[in-house]
Structure formats: C-alpha cells, structure tokens
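Working notes, structure below.
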Amino acid sequence: MQNIQVFDDCVHELSRLPGVGRKTAVRLALHILKIKPEQAYKLSDAIKKLKDNIKFCKECGSIAEGDVCKVCSDSHRNKEIICIVEEAKDVFFIENTGRFNGLYHVLGGKISPLDGIGPSDLSFNKLIERVEKLYIKEVIIATNPDADGETTASYIGKILQNVSNLKVTKLASGIPIGSHLEYADEITVLRALENRVNL
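Per the UniProt record's numbering, residue 1 is the first one in the sequence shown, and the count goes up by one each step.
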C-alpha cells in the first residue's frame with residue numbers, strides 16, 4: 001500500500017495504544033474512514049473530553065471527574081478495608097463483582113526490576129499514609145499473579161507488617177498464575193476476593 005502521510009500518522013498514533021499492533025491500527029484507521037463523519041467526530045470529541053475532564057483521584061489513584069473519585073467520596077463505603085490494585089483498570093474488574101464495598105488504592109504499576117520500576121516509582125508512601133490516617137483494619141492485596149505482581153505483594157506485606165491491628169490478606173488462587181485481573185471473569189474475581197488468604 002502506498003504511503004499516505006495522514007493515514008500513516010493515524011495508524012502510528014493508534015498503534016501506540018496498549019494491545020494495538022500495526023495490523024490492528026490499520027484496521028481501526030480503515031474503519032474510521034468507513035464510518036459516517038459524525039461518528040468519527042463523536043469519537044474524537046469523546047477522547048478530548050476524557051483528557052480534559054477525567055483525572056486520577058488524589059486519594060486512591062483511580063479515575064475521577066473531580067479531585068476525588070466516587071468510591072472515596074461515598075459515605076456508604078466501608079472505610080476500614082482497602083483493596084490494593086496495580087492499575088486503575090483493576091478497580092473496574094473488582095467493582096463489577098458488585099460485592100466489594102471498601103476503598104481502593106491504585107499503586108500505578110508493579111515492582112519490575114527488568115523494566116526499571118522500583119518501590120519509589122509507585123505510591124507506597126501514600127498507601128502507608130492512608131492506612132494509618134484512616135485506621136484501616138484490613139488490606140486486601142489484589143496484584144496480578146505474575147512474578148512482578150508477587151514481588152509487589154511481598155513488598156506490601158513487608159512495609160505493612162509493623163502496622164498494629166492490621167490484617168493483610170491476598171486474593172485466593174483462582175486467577176491463573178501469569179494472568180491478569182482484566183482477563184478473569186467476574187465469578188473468578190469474586191471467589192478470589194471472598195476466599196482471600198492471610199499473607
């Protein structure tokens with residue numbers, strides 16, 4: 001196919017999205033060309049509004065329309081339990097179970113020496129601050145069951161071991177090793193949450 005700069009630029013930008021390779025980016029760009037102009041403009045407008053209006057919650061790190069997300073500002077949530085996840089997307093998967101009523105803490109990634117990500121690159125200090133300030137009674141570690149997720153879980157257990165009256169638990173097995181929360185169905189996530197084990 002001949003090079004058309006505007007098309008190539010669009011493909012390049014689309015291929016920078018997670019999980020989108022060049023072939024998928026080409027298919028998406030061609031699809032955008034086929035749809036009605038108003039549909040394409042709606043998509044670009046939605047992306048612009050997302051960037052302009054959505055932030056990361058200053059309390060937990062999940063997504064929010066204002067400074068604080070709906071979970072953190074909900075007075076009906078159990079403020080004595082906090083679920084630690086790697087990324088904001090993981091909050092959605094646990095919320096979809098409809099059974100967790102506590103708070104969240106988004107680390108912003110996981111400890112990954114091969115990728116040059118250490119504890120200082122993640123929000124561990126904020127986690128300790130929240131656990132102490134909110135008098136949290138239980139922390140549920142919901143990192144992914146891969147090598148880096150397990151390293152991160154161990155580190156969390158270590159930094160919280162001296163907090164008095166704190167129970168530290170971890171999602172039970174059920175989510176396959178090496179997998180991610182986003183690929184597990186709601187029932188699997190729910191069972192892993194309900195059958196969590198002490199760390």
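Just so you know, even glycine gets a beta-carbon here, dropped at the ideal spot from N, CA and C.
Bear in mind the structure is a predicted one, so any value in this text is a computation, not a measurement.
Please determine, among the options, the residue with the shortest C-alpha to C-alpha distance to residue i.
i, options, result
"D8", "L33, I81, C83", "L33"
"D121", "L114, G109, L17, K70", "G109"
"H105", "N198, L171, S62, I47", "S62"
"V91", "S112, D148, I111, C69", "C69"
"S164", "V139, L43, Y155", "V139"
"I81", "C72, K89, E87, A88", "C72"
"I141", "H31, E87, I117", "E87"
"N101", "G116, D74, S123", "D74"
"G116", "I136, D148, T143, Y135", "D148"
"H76", "N198, I136, L103, K55", "L103"
Which stretch, first to last residue, makes up the alpha helix (DSSP H) that contains residue i?
i, result
"K36", "It is not in any alpha helix (DSSP H) - K36 carries neither H nor E in the DSSP assignment."
"K158", "147-160"
For the beta strand (DSSP E) that residue i lies in, which residues bound it at each end?
i, result
"V139", "138-141"
"residue 200", "Lying before the first or after the last residue shown, residue 200 is absent from the chain, which here runs from 1 to 199."
"I84", "81-85"
"K70", "Note, K70: premise wrong, no beta strand (DSSP E); alpha helix (DSSP H) at 70-73."
Please return the same chain residues whose Cβ sits closer than 6 Å to the Cβ of residue i, not counting the five positions on each side in sequence.
i, result
"G19", "none"
"A64", "K55, C57"
Excluding the five sequence neighbours on either side, which residues of its own chain have a C-beta within less than 8 Å of the C-beta of residue i, listed in chain order?
i, result
"G118", "I111"
Contact check, residue i vs residue j under 8 Å by CB: the rounded distance?
i, j, result
"V11", "A25", "5 Å"
"D84", "I156", "Looking at the sequence provided, one finds Ile at residue 84 rather than Asp. Between I156 and I84 the Cβ distance is about 6 Å, and since that is below 8 Å, they are a contact."
So, does the region 155-175 touch the region 122-135, judging by three or more C-beta pairs under 8 Å? yes
Could you tell me whether the region 94-101 touches the region 131-138, using the rule of 3 or more Cβ pairs below 8 Å? no
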